[in-house]
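A.B. asks:
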Amino acid sequence: MNTKTVRNPGDVPIPGYRLIKPLGAGGFGEVWMCEAPGGIHKAIKFVRGKLNSNNDQDVFAEQEYRALQVVKDVRYPFVLTTERIDVQEGEIIIVMELADRSLQDVMVEVQEAGLIGIPREKLINYLADAADGLDHMIDKCKLQHLDVKPRNLFLIGDRIKVADFGLVKSLDRRLNAGLLGGASPLYAAPETFSGKLSRCSDQYSLGIVYMELLTGKYPFHGRSLRQLAVQHLNHEPDLRPLPERDKAVVRRALEKDPAKRFPSSAAFIKALRETPSERVNLFERKSEPVVLQETNVWDDSIPMAEPLTKSTLDNASHIGMAEFATHENSLRLRPIVFLGIGGFGRRALREIRRRLADRLGDLHNIPIVRFLYLDADPELRERAIGGLPDSALEDQSVFAIPLQSPGKYRGRNRDHLMTWLPTEKLNALGRSLQFNGSRALGRLALYDNYLRVISRLKREIETAMHPESISNTSRVGGWEVDITPRVIVLSSALGGSSGAIPDLGFSIRRLLHQLNYPLAPLESFLFCGSPEDPATPLRDLANLYATLSEINHFHDSSIPFHAEYTGTEGPKLDEKDEAWTGCYLLRNQARTPEALEETISSLASYVTQLTFSTLTENHETHLLEKSAQPTVFRSFGISGAWFPRGLILRAAARESTRRLLEKWQEPPGSAIDENVQAKLDSVDSSNSFEPTRLRRQFEERIAAEGQQSANQLARKFEHWNRQINEGFGIQDPADWASQAVEEVTLELGAVLAVSTAGGSQSRGRLATVFSQTAYEVAAKWTDQLFSQLECLTSLPGPKLGRFEQAIAQIGSLLSNQATSYSPFVLAKRERVTQLRKEVQAAYQACAVGGFSLFGLRANRSIRNLLEALSNFSHERYEETADETAVRCLRTIQSNLEERCRDLLRCRQRLSHMKDAILPLTQVNPPSSPLRKDPAASNEMLHLQMTLVPTSTRAAVGTLLPKNNPNIQSAACELVDRLQEKDWARLEEVLQTLVIQPSGGLIPICIQSNDLGRDLVLPLVEQGSAFLGSLVRFNGVFDALRDVQKAQQSEEAFEKLLAPAEPSLGGADSEERVYLIVPKKKDLQTTVLRTKSKMNDVEWISLPESSSEWLVIRERNCLRIQDLQELLSMCREAYTQLSGHIGTSPHARFDVQEWLPLE
1 MNTKTVRNPG DVPIPGYRLI KPLGAGGFGE VWMCEAPGGI HKAIKFVRGK
51 LNSNNDQDVF AEQEYRALQV VKDVRYPFVL TTERIDVQEG EIIIVMELAD
101 RSLQDVMVEV QEAGLIGIPR EKLINYLADA ADGLDHMIDK CKLQHLDVKP
151 RNLFLIGDRI KVADFGLVKS LDRRLNAGLL GGASPLYAAP ETFSGKLSRC
201 SDQYSLGIVY MELLTGKYPF HGRSLRQLAV QHLNHEPDLR PLPERDKAVV
251 RRALEKDPAK RFPSSAAFIK ALRETPSERV NLFERKSEPV VLQETNVWDD
301 SIPMAEPLTK STLDNASHIG MAEFATHENS LRLRPIVFLG IGGFGRRALR
351 EIRRRLADRL GDLHNIPIVR FLYLDADPEL RERAIGGLPD SALEDQSVFA
401 IPLQSPGKYR GRNRDHLMTW LPTEKLNALG RSLQFNGSRA LGRLALYDNY
451 LRVISRLKRE IETAMHPESI SNTSRVGGWE VDITPRVIVL SSALGGSSGA
501 IPDLGFSIRR LLHQLNYPLA PLESFLFCGS PEDPATPLRD LANLYATLSE
551 INHFHDSSIP FHAEYTGTEG PKLDEKDEAW TGCYLLRNQA RTPEALEETI
601 SSLASYVTQL TFSTLTENHE THLLEKSAQP TVFRSFGISG AWFPRGLILR
651 AAARESTRRL LEKWQEPPGS AIDENVQAKL DSVDSSNSFE PTRLRRQFEE
701 RIAAEGQQSA NQLARKFEHW NRQINEGFGI QDPADWASQA VEEVTLELGA
751 VLAVSTAGGS QSRGRLATVF SQTAYEVAAK WTDQLFSQLE CLTSLPGPKL
801 GRFEQAIAQI GSLLSNQATS YSPFVLAKRE RVTQLRKEVQ AAYQACAVGG
851 FSLFGLRANR SIRNLLEALS NFSHERYEET ADETAVRCLR TIQSNLEERC
901 RDLLRCRQRL SHMKDAILPL TQVNPPSSPL RKDPAASNEM LHLQMTLVPT
951 STRAAVGTLL PKNNPNIQSA ACELVDRLQE KDWARLEEVL QTLVIQPSGG
1001 LIPICIQSND LGRDLVLPLV EQGSAFLGSL VRFNGVFDAL RDVQKAQQSE
1051 EAFEKLLAPA EPSLGGADSE ERVYLIVPKK KDLQTTVLRT KSKMNDVEWI
1101 SLPESSSEWL VIRERNCLRI QDLQELLSMC REAYTQLSGH IGTSPHARFD
1151 VQEWLPLE
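Just so we're aligned: 954 in UniProt numbering is position 954 of the sequence shown, and the numbers increase by one with no gaps anywhere.
What follows is the structure, given as structure tokens:
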């Protein structure tokens, strides 16, 4: 038994080679970085096991050593060089060229950065090097690698080298080290499972590597060696995650027959490189929504569309999920990163996501829009990612910046920390490790996690600006995309997290400079609360004053910003340029939850327009204008209306999907479904489950394969009769009889009670041939029946229940057929038993023998035996054929029952998917998922504007269907009003556009690794598009027009176009007004009347299908005097708390005097 050697840094396993640090370990052994003579770094590998050992576990060492002898002399730019091989006490030590990292490490890095896989162009360049190295080994050295995988492809600089040749084999040898010779089954070519090699085996593995590194998915999904072997040998690869342009190329590389693959690995990579120059879409979903003829389920005066047909669906126009009706694609999007900090930042991010989802659909398809949430409290993660899907943040968007215990700060970089953070502030850090309103601790959290935060922000900006992200976003909705990013920071100025705001501003600005976006807008939106409310705590007021003071201080061009993070050797900032493009102050008039919701809603409406680039270049020009006494602070007021059509449709689509998943799983009823009966009649008439028909199939297949045992036996009887009739003497009748019985036994099984040919248990060739043929016929019939019955799952209604009922009926029919025919088989078995006795008697008569004149008695005995054998053979054949036919029926029944186990798994997975969709709160829950009350559809669904009058300022009103307090209620009502014909049309659409292209409901449930992605998400997307065709209002303009008609006046528009008063600034402050409304002719009069009341009004046109129209009144570059009303409410609290270091609201104490805000 080998004992493992313990190695430590500094050890010298080979003279001159000193170990530095371990690089990896696994089944192969260990790899360390070492310092070679001359101070050059190398990799040193210690192979597991010992040479010349009797231990079976040491076979790996023998295998590795043999491979090394083959490849040690290979020298090629794309093959990792082996520089030295030592054997010490049986242990193999290999010194190799040191690589930077493997492609597996690169894959981990890009996925941590938020990408699905390595960008296609870069990946092809990498694999071109690998292919070159593999082809060189084959062409020049006649060697196959046989273990090509990402971990064995190493990056040195920007080039790839192939390494780890433990399984390398010559092309003229077979694998002999087990099933795969130790290769990774995920990547193994089919021929290697049978121990064979071809020059294209490594190409097959390279094809799987390409798909994995591009998409993060494998073409085969087996979890055990056996499953993977079966899939590699027999199953087609699942290439759905690949872009369309790559599928044909990779499919050829993964051919089962090596002769059908590319002639070389390099040819495979070349084919990938030469495919049409369409960008790889790593974010686009499998199916796109279809625009259907628009109908009104609530108004019977509008005729319903004709029933959908496959041709109408094929000819329908496809558009992105952001829109559900034809419109002009004039919308421009801008790459944008939203950074939320603390509780206010979390709530703002969620509301912004909701607004963007309403307009753009699934934000997974819009990779240029990024969200990042920073907080020191890990318990808030659930609040960020929980709740409704359209507003919930993704788990990877939540980024913790935890504080450490006070003891750790006192022992680590204490002197540097104390230059800006007093001991009194550090002592305030309790066991909760929370800010507790201390802005200094908020800055400490950034200080402690600075490198992590900046690295993550860099990844988010790079992802948003990546060419593939821009291309994919443009392709999804046909939008134009700006080439300059925008970063928006969302935080409260009242809490501890505001202490990090100045540092974040300058850090992000420097990051934008480093990424070559020096002019990219960087804005912050700071919540200022309600300073005039007497209930506002003194700490909040002081924090607000200190936050504005610090931002204003460092905005002064004469005051540089200096900061050091994580100690004296950490990153440093020395910035003289301004950080923020603008700092917007959000103020409430009351300290109430309703007022906070209104502020967040207004904020979300405003920044949504920044994402859409709705505000034109003139807007950004105005933002850069300087007033006489400029500050960085700004304010805006916003009014208007929002019709959340997209959110209502998506919520309704999720609910309809949940109800359909539940409906599809319903068990079969007691009565046979009419569709099932029709299919059973069709199946019975086409298959006719009769044993006689099965017999004919057996005999036809046996004849086609040349295995005619009965005919061969008949010819033998003719030969024996001819032999006797022509007077050939039989010298030994007993021996002749024994040979004849033995030949019949070989064909038909035991003839005598104790057979001379192997005993009474012998089955004979005929029974074996029949059994093999019956197995094949049963398998074919099972597949045919399953295929014929599977179409029942394409019909609306209880798909699985209907299918199970059909399987049960077919099984019952098979059982009845087998049972009814069994008495005939039993009668033939008894007849065979009787004939066996007659053969036994005739055989014994031949065996007795004796003298007879001219051999007459012997001939008579032989003739009797031949007659008995002939009768036995005929009946034995009939018995075997009929018995096999009955057994075949039983086998088909058993096979169908086995297939039913797949239905159980399918039912379980669909049930899990249904449970994962939260049911909507129902106003009046229906008795069943299908609304059958025709009176309900006769009601006109009018809209009313629901406004919360929480302040004197105007707000963005939400338009919802009457008597619905929220979006979920409206969505639920939409689903409840669907009639049976609507559900039937919806299921037809989903079957045609989602389920059928995926191979069917049962196959996708069984084969999919991610049923939510492959089934539920496309169902929701297509369901949303279908429901959109039933909704009367296309956008906010249609909804408002309905309100106007109901009120019989233009007051609805006049009221909405009344500009909102910004919360800060006086009447003489510089401001601009933006009317963001559709350019409709019937709006001209109202808009012009509104413009006449104000100066500098800009009308920004929106598509008619837009969900919002807004009036934005913006005051940029507020003066100090414009802030005095707000500051005067905070100044007393600030002065009071600033008198003591322990209560001071400032975030840093290395600034002796702050620029006054007076």
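Even glycine gets a Cβ: it sits at the ideal position worked out from N, Cα and C. Keep in mind it's a predicted model, so treat the numbers as computed, not measured.
Note down the Cα distance separating residue 1230 from G430, rounded to an integer number of angstroms.
C.D. replies: Residue coverage of the chain in this structure runs from 1 to 1158, which leaves residue 1230 outside it and unanswerable.
A.B. asks: How should C791 be labelled, buried or exposed, when 16 other C-beta atoms within 10 angstroms of its C-beta is the threshold for buried?
C.D. replies: Here residue 791 is taken as the residue at index 791 of the sequence shown, counted from 1. With fewer than 16 Cβ atoms within 10 Å of its Cβ, C791 is classed as exposed.
A.B. asks: Compute the beta-carbon to beta-carbon distance between L103 and L153, rounded to the nearest angstrom, for a pair I have assumed lies under 8 Å.
C.D. replies: Locating residue 103 in the sequence shown gives position 103, counting from the first residue. Locating residue 153 in the sequence shown gives position 153, counting from the first residue. Yes, they are in contact, since the Cβ atoms of L103 and L153 sit about 5 Å apart, within 8 Å.
A.B. asks: In its own chain, which residues sit with a C-beta less than 8 Å from the C-beta of C906, not counting the 5 before and 5 after it?
C.D. replies: Numbered from its first residue, the sequence shown carries residue 906 at position 906. Excluding residues within five positions, the ones whose Cβ falls inside 8 Å are L800, L1001, I1002, C1005 and I1006.
A.B. asks: If you reduce the DSSP assignment to three classes, tell me which class I14 lands in.
C.D. replies: Working through the sequence shown from its first residue, we reach residue 14 at position 14. Reduced to three states, the DSSP call for I14 is strand.
A.B. asks: Around the C-beta of S927, are 16 or more other C-beta atoms found within 10 angstroms, so that it is buried, or is it exposed?
C.D. replies: Position 927 of the sequence shown holds residue 927. Its pLDDT being 35, under 50, S927 is placed unreliably in this model, and the coordinates cannot settle the point.
A.B. asks: If I follow the unbroken beta strand (DSSP E) through M33, where does it start and stop?
C.D. replies: Position 33 of the sequence shown, counted from the first residue, corresponds to residue 33. First-last of the beta strand (DSSP E) with M33: G29 to A36.
A.B. asks: Compare the C-alpha of C972 against each of D503, D574, Y76 and L649 and name the closest.
C.D. replies: As a first step, residue 972 must be located in the sequence shown, where it is residue number 972. If we check each option's Cα against that of C972, L649 comes out closest.
A.B. asks: Give every residue of the same chain whose Cβ lies closer than 6 Å to the Cβ of V754, excluding the five residues on either side of it in the sequence, and list them in chain order.
C.D. replies: For this step, residue 754 is matched to residue 754 along the sequence shown. For V754, the predicted structure reports a pLDDT of 44, less than 50, and the residue's modelled location is therefore unreliable. A value from the coordinates is still provided. Taken in chain order, the list of residues that qualify is empty.
A.B. asks: Under 8 Å, with one C-beta from each stretch per pair, do the stretch 553-571 and the stretch 462-471 reach the 3-pair mark?
C.D. replies: Because the criterion of three Cβ pairs below 8 Å is not met, the stretch 553-571 and the stretch 462-471 do not touch.
A.B. asks: So what does DSSP say about D882, is it helix, strand or coil?
C.D. replies: Along the sequence shown, one-based indexing puts residue 882 at 882. In the structure shown, D882 sits in a helix (DSSP, three-state: H, G or I).
A.B. asks: Measure the C-alpha to C-alpha separation of D732 and G764 and round it to an integer number of angstroms.
C.D. replies: Against the sequence shown, residue 732 aligns to sequence position 732. Against the sequence shown, residue 764 aligns to sequence position 764. Whole-angstrom Cα-Cα distance: 26 Å.
A.B. asks: Would you mind sorting A779 into buried or exposed? The rule is 16 or more other CB atoms within 10 Å of its CB.
C.D. replies: The residue labelled residue 779 in the question sits at position 779 within the sequence shown. A779 is exposed by the Cβ-count criterion.
A.B. asks: With DSSP as the reference, please indicate the residues paired to W1109 in a beta bridge.
C.D. replies: For this step, residue 1109 is matched to residue 1109 along the sequence shown. The partner list for W1109 (beta bridge, DSSP) reads A641.
A.B. asks: Going by C-alpha to C-alpha distance, which of N427, D783 and R634 sits closest to L1118?
C.D. replies: For the purposes of this step, residue 1118 is taken as the residue at position 1118 of the sequence shown. That would be R634, whose Cα lies nearest to the Cα of L1118.
A.B. asks: Closest to W983 by CA distance: which of T599, E564, V106 and T657 is it?
C.D. replies: By 1-based counting over the sequence shown, the position of residue 983 is 983. Comparing Cα-Cα distances from W983 to each of T599, E564, V106 and T657, the minimum goes to T657.
A.B. asks: Span of the alpha helix (DSSP H) holding A1025?
C.D. replies: Locating residue 1025 in the sequence shown gives position 1025, where the first residue counts as 1. Run containing A1025: L1017 to G1028, per the alpha helix (DSSP H) assignment.
A.B. asks: Please identify the residue among D902, L272, P22 and I341 whose C-alpha is closest to the C-alpha of N125.
C.D. replies: Residue numbering aside, residue 125 sits at position 125 when the sequence shown is read from its first letter. When each option's Cα is compared against that of N125, the closest is L272.
A.B. asks: Between which two residues does the alpha helix (DSSP H) harbouring S1101 extend?
C.D. replies: Start at 1 with the first residue of the sequence shown, and residue 1101 comes out as number 1101. Unbroken run through S1101 is the beta strand (DSSP E), V1097 to L1102; no alpha helix (DSSP H).
A.B. asks: Check A113 in the structure and name its three-state DSSP category.
C.D. replies: Looking up residue 113 in the sequence shown gives position 113. Reduced to three states, the DSSP call for A113 is coil.
A.B. asks: Could you tell me the distance, in whole angstroms, from the CA atom of E699 to the CA atom of L869?
C.D. replies: One-based indexing of the sequence shown puts residue 699 at position 699. One-based indexing of the sequence shown puts residue 869 at position 869. Taking the straight line from one Cα to the other gives about 22 Å.
A.B. asks: Name the DSSP bridge partner or partners of R84?
C.D. replies: For the purposes of this step, residue 84 is taken as the residue at position 84 of the sequence shown. Answer is V95.
A.B. asks: Comparing C-alpha positions only, which one of E883, A774 and A808 sits nearest to V825?
C.D. replies: Locating residue 825 in the sequence shown gives position 825, where the first residue counts as 1. The option with the nearest alpha carbon to V825 is E883.
A.B. asks: Going by Cα to Cα distance, which pick from V777, Q979, E1071 and K679 is closest to N895?
C.D. replies: For the purposes of this step, residue 895 is taken as residue 895 along the sequence shown, with counting starting at 1. Considering only alpha carbons, the answer is V777.
A.B. asks: So A595 packs on I352, CB below 8 Å; how close in whole Å?
C.D. replies: Locating residue 595 in the sequence shown gives position 595, counting from the first residue. Locating residue 352 in the sequence shown gives position 352, counting from the first residue. With 8 Å as the limit, A595 and I352 do not qualify as a contact, their Cβ atoms being about 19 Å apart.
A.B. asks: Restricting to Cα atoms, I'd like to know which of I14, Q1136, H41 and T566 is closest to K21.
C.D. replies: Position 21 of the sequence shown, counted from the start, is the residue given in the question as residue 21. Of the candidates I14, Q1136, H41 and T566, the one whose C-alpha sits nearest the C-alpha of K21 is H41.
A.B. asks: In the DSSP assignment, the alpha helix (DSSP H) including P1003 goes from what residue to what residue?
C.D. replies: The count along the sequence shown starts at 1 and reaches residue 1003 at position 1003. Counting along the chain, the alpha helix (DSSP H) containing P1003 begins and ends at L1001 to Q1007.
A.B. asks: Tell me whether L904 is buried or exposed, calling it buried when 16 or more other Cβ atoms sit within 10 Å of its Cβ.
C.D. replies: Indexing the sequence shown from 1 puts residue 904 at position 904. With fewer than 16 other Cβ atoms within 10 Å, it is exposed.
A.B. asks: Ordered along the chain, which non-local residues of its own chain (more than five positions away) have a Cβ less than 6 Å from that of A131?
C.D. replies: Here the question's residue 131 lines up with position 131 in the sequence shown. If we look at A131 and ignore the five residues flanking it on each side, its Cβ neighbours are S265, A266 and I269.
A.B. asks: Tell me the start and end of each unbroken alpha helix (DSSP H) in the stretch 345-384 that is at least 4 residues and wholly inside, in chain order.
C.D. replies: Qualifying alpha helix (DSSP H) stretches: none in this window.
A.B. asks: Less than 8 Å between the CB atoms is what I'm expecting for F643 and F1026, so what's the real figure, rounded?
C.D. replies: By one-based count along the sequence shown, residue 643 stands at place 643. By one-based count along the sequence shown, residue 1026 stands at place 1026. Contact doesn't hold; Cβ gap of about 19 Å is too wide.
A.B. asks: Mapping DSSP to helix, strand and coil, what is G320?
C.D. replies: Locating residue 320 in the sequence shown gives position 320, counting from the first residue. Low per-residue confidence applies at G320: pLDDT is 28, beneath 50, and the placement is therefore not dependable, though the value from the model is reported in the following sentence. Coil.
A.B. asks: Given A841, which residues of its chain have a CB within under 7 Å of its CB, disregarding the five upstream and five downstream residues?
C.D. replies: In the sequence shown, residue 841 corresponds to position 841, counting from 1. Nothing listed; no residue qualifies.
A.B. asks: Threshold first: 3 residues or longer. Then list the beta strand (DSSP E) segments lying entirely within the stretch 488-564, N to C.
C.D. replies: Counting only runs of 3 or more, we get 522-527 and 561-564.
A.B. asks: Between the stretch 486-499 and the stretch 341-357, do three or more beta carbon pairs fall short of 8 Å?
C.D. replies: The stretch 486-499 vs the stretch 341-357: in contact.
A.B. asks: Which residue comes first and which comes last in the beta strand (DSSP E) that contains Y584?
C.D. replies: Reading the sequence shown from its first residue, position 584 is the one you call residue 584. First-last of the beta strand (DSSP E) with Y584: G582 to L586.
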